[in-house]
Every structure is written in structure tokens, then in C-alpha cells.
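Residue numbers (this note's numbering), protein chains in the order written: chain R, 1 to 85; chain P, 1 to 428.
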């Protein structure tokens, strides 16, 4: 897949955090997401959206992120926290 | 917060449209209110919930058309992107509130390209407002992504996936069951947790008023003709079929009588005749009226091919003419004449495809049309074909459902009168 622009990557990470696939970045340390967590989050989002689980922000995935949708997260915080624990 | 709070404890919920789309040229206020009414009705039609519109600001479900940051911590993002959200049930002030992004072009009965179908989005958001979360199921209205218009609000039928999930939250709105009025103890004693489990021995499904009843013990479930469970929770047989003795712990067989379509129940040496779901005067009567053996019956069904009523018991079957009210001569005959069928059936039925179906334990056999030989490829699992169970569920070990009286040697099927797993119902 063509390499992503920084902006596309930022948009993708923001989208994944917003809809519960990624925990919000640590407000204190500003700790960014690890690559492994990002890949896992992308796969979960692709699975939920019925896409091939490639783990990368390919065109189909970026396209799905642009679709109009409900603003509620797909993974609830509680569930996410459970998973993190 | 948006973490799902289970569900509303109360059954009567008020709603109000507090603010309307600014660009009301597209949608008048009355149209918006009507669409909200019908979107809520989608959920109240199938659950014990009731929604009523109020004017005051203390409505349970406050509906707003707003944009960008609107002080609830979940700002909208202009045209496209996020289009709406709703708060889950609970005690918080915002619980149930539903917000639509006023930067969207909200439409009604317009092609997809013209904007966002308000009814479709409202059904989704009210799903959240009563406790449903997003799902990835392709057909569900609760998928997070906008799927375009869903057609006429007056004809909209919720996907089955969503019905089952909301029934698991609130149970079914059923004309028979007495919805729990707030504050009033339920009239209907809650059945023990007898949700249909996929390893139950259901012994027959028969068509009743275009639905199908399956029974185990003194409970029964209803399937639509599309084989969808109307409810995961059973109703009690004697509470629906008025006039059966309340101490009846199971039914042996049931069929719908050709001609007058009355329903005949068999238990032991007695039978009852019902008109609709009310027993007729003078019943029960002895099954010797039919000239049947004095051990009772295992199964009964009316064969589409000759409109004769067949009774099965152990290894024999009888043919009865319900129009002449007389047993045909030369019976009983050996049930091996029905090639491929096991002895000691649990029950039998005819189906809208013109075939006859025979049930025993977890399996069933199909005999097409006027044949008397089982079709190749049978038996098959009831749970998979009739209850839409997945592979895992349909052959799961039935330890959890095996009650003591059914814990019997697997090699021979117990006489169903012992294990309480009788399933019989009616044809139509």
C-alpha cells in the first residue's frame, strides 16, 4: 500500500481512538500508541466493518473511516479497559 | 457516559423533540415528529416498552438537532463523518437523549444521494437509547455506518438480529404475556429460566396459525413460518390453552382437525378438543372414541396427500378419517411401512412445502409429498434447521439441559412420557 502521509496516519489514529479501538493516548506522558497496538486496533476495526483484516490503513480502511456514521464507539470504554487489563 | 448501561427499568418512556433541523425547508416539524414517533414504534412494537410524546423538558428521551460542540462531550464534525448519537439508558440526566447533527441534510423518502435518511438514523439511535450497542452483523440496523434509507417507515421490519438482541434485554411484547405494569406484580409467574437451548429434545413443530409451536414439558415456544423464534422465553401451555388441567406436565400429541380446524390435544388416555385456544364443553374424553389403543399415542398428524389423520404408537400406526369420524379398516399397521422412520416417534407434522416431518429426540426426518419413504440425507438436527443454531450450539453437550429424569441410557430413547420432553402442537 502506498505509504501513508503523516496526516492520514494522524487521522487514522484519531479515528481509532474516537471509536474505542485504541485507548486515548496517555494524557500525562503523551505516550503515543505502540505499533503493535495500532495494528491490533486496525484489525479489530476492519473485522467490525467487514473488511479484510490486513492490520494496515489501506485504502478500503481509510474509505470506511470516511463513511457517515453514529458517533458512539464500536467498542465501549469498559470493554476496552477490560481487554487492556 | 457512553458505556452501555443495561436497560430501562421502567416500561413507559416519554419523548420530546426539543429542537428541530434549522433547514426545516426540507423537513417540516410535523414530519420530524412523525418520523420520531415511527422510529420509536419500531422498538415498542416488539418489546413491552411504551413511548409517549410530552411537551415538558423532563422527557426521558430529549431529541435535539444540533451541531459541532454542543456541550455533551461528543462534538459533531460538520457534514458527513459523525451524524448522530444517543445516550444509553440509566439514571443520568442525559440518559436516552438523542442528538442529530444539524450540519447534515436530513431527508425523508428521498434518494440516498440527497442526504441522510432521518428515519433510518433515528431507528439506530433509539436502539442505543434503549440499550443496544453497535454490532458488526451485516443486516443489523445497529451497524455503526450509515447504510442509506430503509424504506417506508410504515412498512419497516426490523432485522431479526436486532429483534433477538432487544428481546434479550426486555422480552417480547406478546398479546398473550402480561407485560409487567410498573409497580404491579406480574400476573404471569416467570417461567424458570427455560430459554430454548439447542440441545433440548423438541419432538415436534407444527404449523399453527402460520406460526409453529414447539414444546417441552409444560412450556412452549413459537416459531414464525420463516422458522424464527418469536421469543427466546417460553409461554406456559396451560396459560395459553385455556382448559387444560394445570397439573399437566406434558402433552403427548396434538393435531388440527381437518374440516373444522379445531385442535385436539392428547395426554395418556384422554383428549381435549379446542376451538381456538379455549377447550370445548365435555372434555376430556377417552381416546377410545377414536378406536385407539389404550396406551395413548406418540404422534399425530394429518397427511396433506389424503387429508387422513395418522396416529403413531411404538411400532404401529392407525389411519383415521376425521370427516367420517371413523378409523379406517385394516389398521393398525406396522410403522416400518414408513421406510426409514424410527419407532416410538416423538411427533409428526406436515409443512407448507407439502412434505411430512417426523421428530424424535434431537433429530427429524422428511417424507416428501405422498411418499412413505424418508428422503435421503435424513435424519438431520432439529436445532440447526429449525432453530437456526450454529454448528457449535446445535451439537453442544446437553449436560446443562439434561434434567435427572432425562439422564437415561443413550442407546435407547426413553419413552417420552418419562423425560418430560414432549412437544406437540397443531397444524393449519
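Built from N, CA and C at the ideal position, the CB exists for glycine as well.
- In this structure, residue 62 (chain R) sits away from residue 51 (chain R), with a CB-CB distance that is not shorter than 8 Å.
- Flagged as an interface residue toward chain P: residue 76 (chain R), by a C-beta distance shorter than 8 Å.
- Distance from the CA of residue 259 (chain P) to the CA of residue 342 (chain P), rounded to the nearest whole angstrom, comes to 30 Å.
- With 16 or more other Cβ atoms inside 10 Å of its own Cβ, residue 131 (chain P) counts as buried.
- Proximity of chain R to residue 74 (chain P) at the Cβ level (cut-off 9 Å) is accounted for by 71 and 72, in chain order.
- For residue 84 (chain P), the chain R residues whose Cβ falls inside 8 Å of its Cβ are 70 and 71, in order along the chain.
- For residue 68 (chain P), the three-state secondary structure derived from DSSP is coil.
- Ranked by Cα distance from residue 295 (chain P), the first of P:99, P:276, P:327 and P:344 is P:344.
- Non-local beta-carbon contacts of residue 12 (chain P) in its own chain, meaning distances under 6 Å to residues more than five positions away in sequence, involve 50 in chain order.
- Against chain P, a Cβ distance below 8 Å from residue 47 (chain R) picks out 136.
- Under the Cβ distance rule, residue 50 (chain R) counts among the residues neighbouring chain P, one pair being separated by less than 8 Å.
- Residue 59 (chain R) sits in a helix when the DSSP states are folded into three classes.
- Residue nearest to residue 21 (chain P) within the set P:148, P:171, P:66 and P:327 is P:66 (criterion: CA-CA distance).
- Between residue 109 (chain P) and residue 62 (chain P), the CB-CB gap reaches or exceeds 8 Å.
- The closest CA to that of residue 72 (chain P), considering only P:54, P:56, P:101 and P:124, is found on P:101.
- Chain order gives the chain P residues near residue 67 (chain R) as 145 and 146, where near means a beta carbon separation below 7 Å.
- Taking the beta carbon of residue 90 (chain P) as reference, no residue of chain R falls within 8 Å; the closest one sits roughly 13 Å away.
- Within chain R, the residues 68 have their CB atoms less than 8 Å from the CB of residue 116 (chain P), given in chain order.
- Listed in chain order, the non-local C-beta contacts of residue 379 (chain P) below 7 Å within the same chain comprise 363, 364 and 365, local neighbours out to five positions each way being set aside.
- The secondary-structure analysis by DSSP pairs residue 48 (chain P) with nothing; it has no beta-bridge partner.
- Contact between residue 374 (chain P) and residue 339 (chain P) is confirmed by a C-beta separation of about 6 Å, below the 8 Å threshold.
- When DSSP states are grouped into helix, strand and coil, residue 93 (chain P) belongs to the coil group.
- Just so you know, the alpha carbons of residue 127 (chain P) and residue 149 (chain P) end up roughly 16 Å apart.
- When C-alpha distances from residue 314 (chain P) are compared across P:347, P:142 and P:83, the shortest belongs to P:347.
- Secondary structure note for residue 386 (chain P): its alpha helix (DSSP H) is the uninterrupted segment 382 to 386.
- Taking CB atoms only, residue 128 (chain P) has a neighbour in chain R less than 8 Å away.
- In chain R, no part has a C-beta under 9 Å from the C-beta of residue 12 (chain P); the shortest such distance is about 25 Å.
- Residue 350 (chain P) and residue 20 (chain R) have their C-alpha atoms spaced approximately 50 Å apart.
- Bounds of the alpha helix (DSSP H) holding residue 129 (chain P) are 118 to 129.
- Rounded to whole angstroms, the gap between the alpha carbons of residue 118 (chain P) and residue 24 (chain R) is 31 Å.
- Using a 10 angstroms sphere on the CB of residue 53 (chain R), the tally of other CB atoms stays under 16, which defines it as exposed.
- Short of 8 Å from the beta carbon of residue 264 (chain P), and not among the five residues preceding or following it, lie these beta carbons of its own chain, in chain order: 254, 255, 256, 257, 271, 272, 273, 274 and 300.
- When 9 Å is used as the limit between beta carbons, residue 125 (chain P) is near these residues of chain R: 70 and 72, in chain order.
- Assignment of residue 112 (chain P) by DSSP, reduced to helix, strand and coil, places it in the helix class.
- In terms of Cβ geometry, residue 104 (chain P) and residue 115 (chain P) form a close pair [threshold 8 Å].
- With respect to residue 268 (chain P), residue 252 (chain P) sits close: the two C-beta atoms are nearer than 8 Å.
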